[in-house]
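The working numbering puts the first residue of the sequence shown at 141, with every later residue one more than the last.
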Amino acid sequence: MLKFNVNGRAHSVDVEPEMPLLWVLRDHLNLAGTKYGCGAAQCGSCTVLVDGKPERTCVMTAAQAAGRKIVTIEGLGARGLHRVQKAWIEHEVPQCGYCQTGMIMAAVALLEKKPRPTDADIDDAMTNLCRCGTYARVRKAIHAAAAPVATVTPARKG
Ligand code: FES
Ligand code: FES
C-alpha cells in the first residue's frame, strides 16, 4: 500500500511500487485528464506537477511519487480556472486537445519559476510535442498568462 497526496487529498493505493504514476492516477484514482502518449518520456502528454516541478508520469514510478505533492489538471482548476487555463481558452490553443493537459501543466510550472518568460525561456521549457502544431498559440497564451510588468509611476516634482 502506497500513500499519495494528489490535488490536496490523501490516498492509499494498493499498487506495485514500479507501476508508472500515470496508471495510478488514471486507473486507480480516476483522474483521466492526464494522457498517455508515447510512454517513453518524449511527448509530455502525461505531465503533472510533483512538488511543483513538471514530471512525466509515464516514467515516474509509484514509489518515486509516493508521499510527494502531486497536482494534476483536475486539481489545477478545482477552485476556478487557473490563469493559464483562461489564457488557453482566450487564445484558442487546443486543436484535438490530446496533448494540452501536459502543455498546460508544463506552462504552469514554467510561470511559477519564471513569472515573465522570454520566447527563449518558453522554447527551453516547453518540450512537449503537439501533433496539431499549436506551438505558436502555446507561446502566445503563456505570454498572456505571465505576470504583468510592474509599472513605476515617476515621482511628481515640486
Ligand atoms: S506519455 Fe509520457 S512523455 Fe509521452
Ligand atoms: S492539440 Fe492535438 S496533439 Fe496537440
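The beta carbon of each residue, even a glycine, is placed where N, CA and C say it ideally should be.
8 Å contact criterion, which residue i and residue j should meet: CB distance rounded
{"i": "Lys175", "j": "Thr258", "result": "Rounded, the Cβ-Cβ distance is 28 Å, inconsistent with contact."}
{"i": "Ala218", "j": "Phe144", "result": "With a Cβ gap of about 16 Å, Ala218 and Phe144 do not count as contacting."}
{"i": "Cys198", "j": "Gly173", "result": "About 15 Å; that fails the 8 Å criterion."}
{"i": "Val188", "j": "Leu169", "result": "So it is not a contact: roughly 11 Å between Cβ atoms."}
{"i": "Val233", "j": "Thr274", "result": "5 Å"}
{"i": "Ala284", "j": "His222", "result": "No, Ala284 and His222 are not in contact; Cβ-Cβ is about 13 Å, not under 8 Å."}
{"i": "Val224", "j": "Ala247", "result": "5 Å"}
Cross-strand partners of residue i (DSSP beta bridge)
{"i": "Lys209", "result": "Asn145"}
{"i": "Thr201", "result": "Pro160"}
{"i": "Leu151", "result": "Reading the sequence as shown, one finds His at residue 151 and not Leu. Per DSSP, Phe144."}
{"i": "Gly220", "result": "Ala218"}
Bounding residues of the alpha helix (DSSP H) (the contiguous stretch that carries residue i)
{"i": "Val155", "result": "That residue, Val155, is in no alpha helix (DSSP H); it is neither H nor E in DSSP."}
{"i": "Lys253", "result": "240-253"}
{"i": "Tyr275", "result": "275-285"}
{"i": "Ala265", "result": "259-265"}
{"i": "Glu230", "result": "223-230"}
Extent of the continuous beta strand (DSSP E) run through residue i
{"i": "Lys193", "result": "193-196"}
{"i": "Val190", "result": "187-190"}
Between the CA atoms of residue j and residue i - distance to the nearest angstrom
{"i": "Asp261", "j": "Ala286", "result": "12 Å"}
{"i": "Arg196", "j": "Ile229", "result": "24 Å"}
{"i": "Met243", "j": "Ala227", "result": "12 Å"}
{"i": "Ala249", "j": "Arg208", "result": "16 Å"}
{"i": "Leu171", "j": "Thr212", "result": "8 Å"}
{"i": "Val155", "j": "Leu216", "result": "25 Å"}
{"i": "Asp167", "j": "Gly148", "result": "19 Å"}
{"i": "Val289", "j": "Lys253", "result": "16 Å"}
{"i": "Gly177", "j": "Met245", "result": "15 Å"}
Residues whose Cβ lies closer than 6 Å to any heavy atom of ligand 2, in chain order: Those residues that have a beta carbon less than 6 Å away from any non-hydrogen atom of ligand 2 are, in order along the chain, Pro234, Gln235, Cys236, Gly237, Tyr238, Cys239, Gln240, Cys270, Arg271, Cys272, Thr274.
What residues come near ligand 1, if near means a beta carbon less than 6 Å from any of its heavy atoms? Ordered by chain, the residues meeting the criterion of a beta-carbon within less than 6 Å of a non-hydrogen atom of ligand 1 are Tyr176, Gly177, Cys178, Gly179, Ala181, Gln182, Cys183, Gly184, Ser185, Cys186, Arg196, Cys198.
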